[in-house]
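Some notes on the structure that comes next.
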Amino acid sequence: MTQNLCSGGQALDDPERLAALRRTGLLEGGPEEVFDRAVRLATRLLSMPVGLLSLVEQDRQVFKGQTGLGGRTETPISHSFCQHVVMSGKPLSVDDARLHPLVRDNPAVEELGVVSYLGVPVRSPDGHVIGSFCAIGTEPRRWTKDDLDALQDIAAGVSSEIDLRAALRRAEESEAELSEALNEKDVLLHEVNHRVQNLFSLVPAIATLSARSAANTDDLVSAIRERVSALARAHALTVNLYSEDRGVALDALIRAVLEPYEDRADAFMIDGPSVRLASKSGNMMGLALHELATNAAKYGALLSPHGRIGIKWRVETTPDARTLVFSWREAGGPKVATEPNRAGFGTKLIDRLFSGQNGSLERKWKATGLEVTMHLPLPVKNEV
1 MTQNLCSGGQ ALDDPERLAA LRRTGLLEGG PEEVFDRAVR LATRLLSMPV
51 GLLSLVEQDR QVFKGQTGLG GRTETPISHS FCQHVVMSGK PLSVDDARLH
101 PLVRDNPAVE ELGVVSYLGV PVRSPDGHVI GSFCAIGTEP RRWTKDDLDA
151 LQDIAAGVSS EIDLRAALRR AEESEAELSE ALNEKDVLLH EVNHRVQNLF
201 SLVPAIATLS ARSAANTDDL VSAIRERVSA LARAHALTVN LYSEDRGVAL
251 DALIRAVLEP YEDRADAFMI DGPSVRLASK SGNMMGLALH ELATNAAKYG
301 ALLSPHGRIG IKWRVETTPD ARTLVFSWRE AGGPKVATEP NRAGFGTKLI
351 DRLFSGQNGS LERKWKATGL EVTMHLPLPV KNEV
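Number 384 marks the last residue of the sequence shown (UniProt numbering); no jumps.
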């Protein structure tokens with residue numbers, strides 16, 4: 001049986017209406033005492049044997065509150081008078097269902113003994129008609145305006161309960177979102193604090209080791225300024241290049257550190273897979289690369305127009321560990337006769353950094369140039 005929709009009514013299969021019904025949460029669980037009390041009040045006030053709060057879906061009606069039907073909690077939509085309240089968006093008054101053209105063929109008349117019916121729309125907080133609040137009798141009944149007013153007043157209380165539940169659910173969701181946002185803020189603050197501590201822990205070492213190798217105050221100031229700037233650039237990269245998978249791209253870090261030598265771009269041969277480093281490792285690698293590039297410019301391959309530097313890396317993986325193997329190979333620069341007698345600042349700093357990360361670093365001073373191989377542990381789930 002079909003019916004033209006009146007103003008305010010909705011089709012049973014209207015997806016927005018069904019979504020609004022699901023959002024109320026009323027379909028979860030069976031009847032509830034607060035709604036049972038409301039239908040009991042309506043049946044006593046109207047002297048009717050059956051009362052329902054019926055939630056109407058596309059293929060069934062679910063009784064969230066009921067009295068007079070024993071343990072029945074739902075019926076097929078074929079047995080529903082309430083569907084017509086939903087489709088019209090208006091109250092439905094049936095004095096004698098056996099004679100009413102809209103419902104006289106409804107199976108509920110014969111099977112459930114439904115004869116008289118008075119139902120009013122129940123709406124979701126956003127205005128969709130989700131069901132009917134109704135009183136049902138097994139005998140004919142001439143409904144009055146007072147009957148309708150009384151039923152609508154009780155139904156208004158039911159709607160208020162539904163609205164309050166929806167408001168509480170929204171408040172709980174907002175609280176959960178706020179809690180999640182606060183947790184994320186705490187994580188970010190912890191991360192920022194951790195990074196700052198890492199940076200400050202390196203500054204005393206930079207100052208101390210620079211002082212040992214500086215010839216005078218100007219050299220000391222220049223060395224500290226240059227190296228702290230390099231540290232700052234490396235740190236900025238770990239912030240600016242940080243992504244959702246929480247790391248800094250090694251190739252981007254290399255390009256940024258080597259940017260001052262872009263006029264010698266042809267001198268660098270860079271090759272390696274995509275790898276991400278945690279912020280502390282990114283800071284360390286940035287400073288180490290700066291020291292290597294600076295030394296290459298002062299004493300090594302970059303001094304010669306024919307000098308070349310090969311930068312390669314790979315990731316070695318075992319069932320329980322991943323290791324970054326990074327190599328720096330210089331060639332074509334001034335010949336290297338022997339290993340330097342005294343380790344400079346860069347050498348000491350890089351050694352200290354790698355040992356602090358459970359890594360290792362090996363240098364070979366060959367006649368063709370310096371060769372450096374670094375091993376750095378990676379988190380098992382860190383590679384892109």
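Glycine included, each C-beta is placed from N, C-alpha and C at the ideal position.
> Among residues of its own chain, excluding the 5 on either side of residue 350, which ones have a beta-carbon nearer than 7 Å to its beta-carbon?
Replying inline: To locate residue 350, count along the sequence shown from 1; it is residue 350. For residue 350, where only same-chain residues beyond five positions count, the Cβ hits under 7 Å are 288, 291, 361.
> Can you list the beta strand (DSSP E) stretches of 3 or more residues lying completely in the UniProt domain "GAF" (30 to 172), in chain order?
Replying inline: Here the runs fully enclosed are 50 to 56, 60 to 67, 74 to 76, 92 to 94, 116 to 123, 129 to 137.
>> Tell me the DSSP secondary structure of residue 28 in three-state form.
In response: Taking the first residue of the sequence shown as position 1, residue 28 is located at position 28. In the structure shown, residue 28 sits in coil (DSSP, three-state: anything other than H, G, I, E or B).
>> Just list the residues that DSSP pairs residue 309 with in beta bridges.
In response: Mapped onto the sequence shown, residue 309 falls at position 309. Assignment of beta-bridge partners to residue 309 by DSSP yields 268, 330.
>> I need the DSSP call for residue 250, collapsed to helix, strand or coil.
In response: As a working mapping, residue 250 is identified with position 250 in the sequence shown. Note: residue 250 maps to helix in three-state DSSP.
> Going along the chain, which residues of its own chain have a beta-carbon closer than 6 Å to the beta-carbon of residue 9, five neighbours each way excluded?
Replying inline: The residue given as residue 9 occupies position 9 in the sequence shown. If the five residues before and after residue 9 are omitted, its C-beta is found closer than 6 Å to the C-beta atoms of 87, 88, 89, all from its own chain and listed in chain order.
> Do residue 78 and residue 107 have their C-beta atoms closer together than 8 Å?
Replying inline: Taking the first residue of the sequence shown as 1, we reach residue 78 at position 78. Taking the first residue of the sequence shown as 1, we reach residue 107 at position 107. Taking the C-beta atoms as reference points, residue 107 is found nearer than 8 Å to residue 78.
> Does the distance from the C-beta atom of residue 57 to that of residue 18 stay below 8 Å?
Replying inline: Within the sequence shown, numbered from 1, the residue matching residue 57 stands at position 57. Within the sequence shown, numbered from 1, the residue matching residue 18 stands at position 18. Residue 57 is a Cβ neighbour of residue 18, given a cutoff of 8 Å.
> Using the C-alpha atoms, what's the distance from residue 69 back to residue 149?
Replying inline: Numbered from 1 along the sequence shown, position 149 holds the residue referred to as residue 149. Numbered from 1 along the sequence shown, position 69 holds the residue referred to as residue 69. Taking the CA atoms as reference points, residue 149 sits about 24 Å from residue 69.
> If we ignore side chains and look at the alpha-carbon of each, how far apart do residue 297 and residue 372 end up?
Replying inline: Along the sequence shown, one-based indexing puts residue 297 at 297. Along the sequence shown, one-based indexing puts residue 372 at 372. Annotation: residue 297 to residue 372 spans about 16 Å, alpha carbon to alpha carbon.
>> Can you confirm whether the region 46 to 64 touches the region 126 to 140 when touching is taken to mean that 3 or more C-beta pairs between the two stretches lie within less than 8 Å?
In response: Cβ pair count under 8 Å is three or more, so yes.
>> For a minimum of 3 consecutive residues, which ranges assigned as the beta strand (DSSP E) are wholly contained in the region 273 to 323?
In response: For secondary structure counted as the beta strand (DSSP E) over 3 or more consecutive residues, the region 273 to 323 holds these complete runs in sequence order: 308 to 318.
>> Below 8 Å on the Cβ atoms is my contact criterion, and I expect residue 130 with residue 55 to pass it. Report the Cβ-Cβ distance as a whole number of Å.
In response: Taking the sequence shown and counting its residues from 1, one reaches residue 130 at position 130. Taking the sequence shown and counting its residues from 1, one reaches residue 55 at position 55. About 6 Å; that satisfies the 8 Å criterion.
> Exposed or buried, which one is residue 76 when buried takes at least 16 other CB atoms within 10 Å?
Replying inline: Counting from 1 along the sequence shown, the entry for residue 76 is found at position 76. Per the 10 Å Cβ criterion, exposed.
>> Using 8 Å for Cβ pairs, my map puts residue 279 next to residue 248. What's the rounded Cβ distance?
In response: The residue you call residue 279 lines up with position 279 of the sequence shown. The residue you call residue 248 lines up with position 248 of the sequence shown. Rounded, the Cβ-Cβ distance is 7 Å, consistent with contact.
> How is the beta strand (DSSP E) around residue 377 delimited, first residue to last?
Replying inline: Here the question's residue 377 lines up with position 377 in the sequence shown. Its beta strand (DSSP E) spans residues 369 to 378.
> Would you report the Cα separation of residue 257 and residue 266, rounded to the nearest angstrom?
Replying inline: Indexing the sequence shown from 1 puts residue 257 at position 257. Indexing the sequence shown from 1 puts residue 266 at position 266. The straight-line gap separating the alpha-carbon atoms of residue 257 and residue 266 is approximately 16 Å.
> If residue 379 sits next to residue 323, beta carbons under 8 Å apart, how far is it from one beta carbon to the other, in whole angstroms?
Replying inline: Here residue 379 is taken as the residue at index 379 of the sequence shown, counted from 1. Here residue 323 is taken as the residue at index 323 of the sequence shown, counted from 1. The beta-carbon separation of residue 379 and residue 323, rounded to 11 Å, does not stay under the 8 Å limit for a contact.
> What's the gap between the Cα of residue 66 and the Cα of residue 182?
Replying inline: Along the sequence shown, one-based indexing puts residue 66 at 66. Along the sequence shown, one-based indexing puts residue 182 at 182. Here the alpha carbon of residue 66 sits roughly 43 Å from the alpha carbon of residue 182.
> Thinking just about the alpha-carbon of each residue, which of 304, 364, 160, 325 is nearest to the one in residue 24?
Replying inline: As a working mapping, residue 24 is identified with position 24 in the sequence shown. Taking the Cα of residue 24 as reference, the smallest distance to any Cα among 304, 364, 160, 325 is reached at 160.
>> Please state the DSSP three-state secondary structure of residue 228.
In response: Translated into positions along the sequence shown, residue 228 becomes position 228. Three-state DSSP puts residue 228 in a helix.
> Cβ of residue 294 within 7 Å of any heavy atom in the ligand SAH?
Replying inline: Because no ligand of any kind appears in the structure shown, any question about the ligand SAH cannot be addressed here.
> For the candidate residues 123, 176, 309, whose alpha-carbon lies nearest to that of residue 270?
Replying inline: Here the question's residue 270 lines up with position 270 in the sequence shown. It is 309 whose Cα lies nearest to the Cα of residue 270.
>> Quick check: the Cα distance between residue 268 and residue 175, rounded to an integer number of angstroms?
In response: For this step, residue 268 is matched to residue 268 along the sequence shown. For this step, residue 175 is matched to residue 175 along the sequence shown. About 54 Å.
> Span of the beta strand (DSSP E) holding residue 366?
Replying inline: In the sequence shown, counting from the first residue as 1, residue 366 sits at position 366. 360 to 366 is the span of the beta strand (DSSP E), which, as asked, contains residue 366.
> Looking only at its own chain, which residues have a Cβ that is under 7 Å from the Cβ of residue 306, when we skip the five neighbours before and after it?
Replying inline: Residue 306 sits at position 306 when you count from the first residue of the sequence shown. Contacts found: 332.
> How is residue 336 classed by DSSP in three states: helix, strand or coil?
Replying inline: Here residue 336 refers to the residue found at position 336 of the sequence shown. In the structure shown, residue 336 sits in coil (DSSP, three-state: anything other than H, G, I, E or B).
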